[in-house]
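S.K.: Here it is, the structure in full.
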């Protein structure tokens, strides 16, 4: 077994398709969106139901600007979206 860092999830799926990988660990929501939008990937992959871990979503901001006020507002809005179900509704759209 070895680890190979790909540039993107799409590249990981392409390597799977070309038998360069036997397995890839990708966020399921991301994988489903890519597969739905790439005809060459449709009906070519399966998913394991085995739980292998959990990683939260992250947003990255450049240090070139002062993002702190925006990030604070965004975090407050994400909390509201999570509590009122809007976030889950958006995520469901891309599953």
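Numbering (this note's numbering), first residue to last: 1 to 95. Note that beta-carbon positions come from the ideal geometry of N, C-alpha and C, so glycine has one too.
1. Around the C-beta of residue 55, are 16 or more other C-beta atoms found within 10 angstroms, so that it is buried, or is it exposed?
2. Measuring alpha carbon to alpha carbon, tell me which residue in 52, 25, 53 is nearest residue 45.
3. Is residue 77 helix, strand or coil when you go by DSSP?
4. Report, in whole angstroms, the separation of the C-beta atoms of residue 28 and residue 47, which I expect to be a contact under 8 Å.
5. Can the beta-carbon of residue 9 be found less than 8 Å from the beta-carbon of residue 34?
6. Run the CB neighbour count on residue 91, radius 10 Å, all protein chains shown included, and call it buried at 16 or more, exposed below.
M.R.: According to the data block:
1. Taking the first residue of the chain shown as 1, we reach residue 55 at position 55. That one is exposed.
2. In the chain shown, residue 45 corresponds to position 45, counting from 1. Nearest neighbour of residue 45 by Cα position, chosen from 52, 25, 53, turns out to be 25.
3. Within the chain shown, residue 77 is the residue found at index 77, counting from 1. Correct three-state label for residue 77: helix.
4. In the chain shown, counting from the first residue as 1, residue 28 sits at position 28. In the chain shown, counting from the first residue as 1, residue 47 sits at position 47. Indeed, because the Cβ distance is near 6 Å, the residues count as touching under 8 Å.
5. Here residue 9 corresponds to residue number 9 of the chain shown, with the count starting at 1. Here residue 34 corresponds to residue number 34 of the chain shown, with the count starting at 1. Yes. Within cutoff.
6. Within the chain shown, numbered from 1, the residue matching residue 91 stands at position 91. Exposed.
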